[in-house]
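Novice: When the letters of the sequence shown are read in order and numbered with this note's numbering, they come out as residues 3 to 118. Quick reminder that beta carbons are idealized off the backbone N, C-alpha and C, glycines included.
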Amino acid sequence: MNDILPKEVREGLAQARKMAARKSARMRVQVGEESFPVLRIWDTGFALDADNAPHMRGLVDLYEGPRHSAQCLVITSAQEGDEMRYEFKRNSVHHDSAPLDFVRRKDAPVALIGQD
3 MNDILPKEVR EGLAQARKMA ARKSARMRVQ VGEESFPVLR IWDTGFALDA
53 DNAPHMRGLV DLYEGPRHSA QCLVITSAQE GDEMRYEFKR NSVHHDSAPL
103 DFVRRKDAPV ALIGQD
């Protein structure tokens, strides 16, 4: 079907697909002060739009909406079509609190009330 369509229409459809993918992206990667929407993510890496994707190597942060989800060590893998692919060398899940080094009792009090 794409062979029937004029070149301008095919390019317009490709741009519309890119814009839709960019708008629907919940995940984003942050490198320093810059932030880029993640088009796809899988177990061993992720992909960004090749038009504005930098050649990253090092520590980056992954966010799902406003929530910090992971801190990753990445390298640029390859450019395939309109996507720049990156591979994880390390992918550490971000936790909101430090891990406990003791077992917390289920019936432990949530807070202590002080005396005045």
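If you measure between the beta carbons of residue 92 and residue 75, is that distance less than 8 Å?
Specialist: A contact, by the Cβ cut-off of 8 Å.
Novice: Could you give the DSSP three-state label for residue 9: helix, strand or coil?
Specialist: Helix at residue 9.
Novice: Between which two residues does the beta strand (DSSP E) containing residue 82 stretch?
Specialist: Element bounds for residue 82: 69-82.
Novice: Quick one: Cα of residue 31 to Cα of residue 53, how far?
Specialist: Cα to Cα, the separation comes out at about 15 Å.
Novice: In its own chain, which residues sit with a C-beta less than 7 Å from the C-beta of residue 96, not counting the 5 before and 5 after it?
Specialist: Closer than 7 Å at Cβ, skipping near neighbours: 70, 71, 72, 73.
Novice: In angstroms, rounded to a whole number, what distance separates the CA positions of residue 77 and residue 58?
Specialist: Roughly 6 Å between the two C-alpha positions.
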